[in-house]
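A quick write-up on the structure given underneath.
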Amino acid sequence: MLEPEQEELLVLLVEAGRNVPQNKRESFWAMESGNDTVISHPGFARPPIKTYKSNVPFLLTEELLTLSQPRTGKGKFEFEITPKGFKYYEYLKQRITQPLHRVETEVRSYFSTSQFQEKHPKAYKKWLDAEEMLWKSDSEQQLTVIGHLCREAMQEFADSIIRQYQLSESSVDKAKTVIRIRRVLNLKKESLGQTEKPFLDALLPYWGTVSDLIQRQEHGAQKEGKPLVWEDGRRVVFQTAIVMFEIDRALARSQ
Numbered sequence: 036m037l038e039p040e041q042e043e044l045l046v047l048l049v050e051a052g053r054n055v056p057q058n059k060r061e062s063f064w065a066m067e068s069g070n071d072t073v074i075s076h077p078g079f080a081r082p083p084i085k086t087y088k089s090n091v092p093f094l095l096t097e098e099l100l101t102l103s104q105p106r107t108g109k110g111k112f113e114f115e116i117t118p119k120g121f122k123y124y125e126y127l128k129q130r131i132t133q134p135l136h137r138v139e140t141e142v143r144s145y146f147s148t149s150q151f152q153e154k155h156p157k158a159y160k161k162w163l164d165a166e167e168m169l170w171k172s173d174s175e176q177q178l179t180v181i182g183h184l185c186r187e188a189m190q191e192f193a194d195s196i197i198r199q200y201q202l203s204e205s206s207v208d209k210a211k212t213v214i215r216i217r218r219v220l221n222l223k224k225e226s227l228g229q230t231e232k233p234f235l236d237a238l239l240p241y242w243g244t245v246s247d248l249i250q251r252q253e254h255g256a257q258k259e260g261k262p263l264v265w266e267d268g269r270r271v272v273f274q275t276a277i278v279m280f281e282i283d284r285a286l287a288r289s290q
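Just so you know, we're using the numbering used here here: the sequence shown kicks off at 36 and counts up by one.
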């Protein structure tokens, strides 16, 4: 059984490793310094990181990490994450509901309600498939599939809203989600107070930006020539959830 600090470290390591293109991946560099271990890796948002000195050895003992370069006399060593470590990460992500994840938990809980699923069953299923895939793999093919699923989730969400309000845009190409969402938001914002109208106006460009992110993901970032990494997948899954969450909540308040 891992301590919370050790679980957080493992999550940080896995996600850092996945934030580097597969053809450029390398071991984690570590150096013991006093009561801490300093870890360096290009996948960290702000390298290096520090952890209590016993945490890395414990993860090694549990076979969640493995040494790729033995410890030197100066306390330096290199390590990698084992297949068991990746599996334990997947388990943690399925289990985590700690206070640090309150926002994500609130969105997921909202999506899990029967009310949301009854209104948007296809959108929910597509998003859930993408979210579950996010924690299982980081291959470029898998990341493009995540983009495809998120695009379909947004299309199904827009479609169910159009049908809910019985608007003529049901004949508009399903892929043109910005046009469809704009019609619904313009219709309903008159029912909102003056303080909420600017927020509803801001939701449309937000929707469009998320849609552009997803399109980039689905096509493997070919235009930019930069390989996809795990962080790209996390971003589109989370932002797809947030934009659907905010629009559904705003429309519910306008009724």
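Using N, Cα and C, we set each Cβ at its ideal position, and we do this for glycine too.
Here the structure is a predicted model, which is why all the values come from computation and not from measurement.
*asked:* Pairs of beta-carbons, one from the segment 138-155 and one from the segment 273-282, closer than 8 Å: are there three or more?
replied: Because the criterion of three Cβ pairs below 8 Å is met, the segment 138-155 and the segment 273-282 touch.
*Beta-carbon proximity of Phe114 to Ser103, cut-off 8 Å*: yes
*Specify whether the segment 156-172 and the segment 236-252 touch according to this definition: at least 3 beta carbon pairs, one from each stretch, less than 8 Å apart.*
Touching, no.
*Assuming Ser195 and Ala158 make a contact with CB atoms under 8 Å, what is their CB distance in whole Å?*
6 Å
*Of the residues Leu222, Ser226 and Arg269, the one placed nearest Leu202, counting alpha carbons only*: Leu222
*Can you list, in chain order, the residues of its chain whose CB lies under 7 Å from that of Val245, leaving out five sequence neighbours each side?*
Gln274, Thr275 and Val278
_I need the boundaries of the alpha helix (DSSP H) containing Met36, first residue and last residue._
In the DSSP assignment, Met36 falls outside any alpha helix (DSSP H), carrying neither H nor E.
_Just to confirm the assignment: which complete alpha helix (DSSP H) runs, minimum length 4, are found wholly within the segment 91-144?_
Runs of the alpha helix (DSSP H) inside the segment 91-144: 118-130.
_Under the three-state DSSP convention, the category Tyr87 falls into_ = strand
_For Phe79, the first and last residue of its enclosing beta strand (DSSP E)_ = Element bounds for Phe79: n/a, residue is neither H nor E.
*asked:* Quick check: the segment 123-130 against the segment 71-89, are at least 3 beta-carbon pairs closer than 8 Å?
replied: No: fewer than three Cβ pairs fall under 8 Å.
_Buried versus exposed call for Asn70 [16 or more other C-beta atoms within 10 Å across all chains shown]_ = exposed
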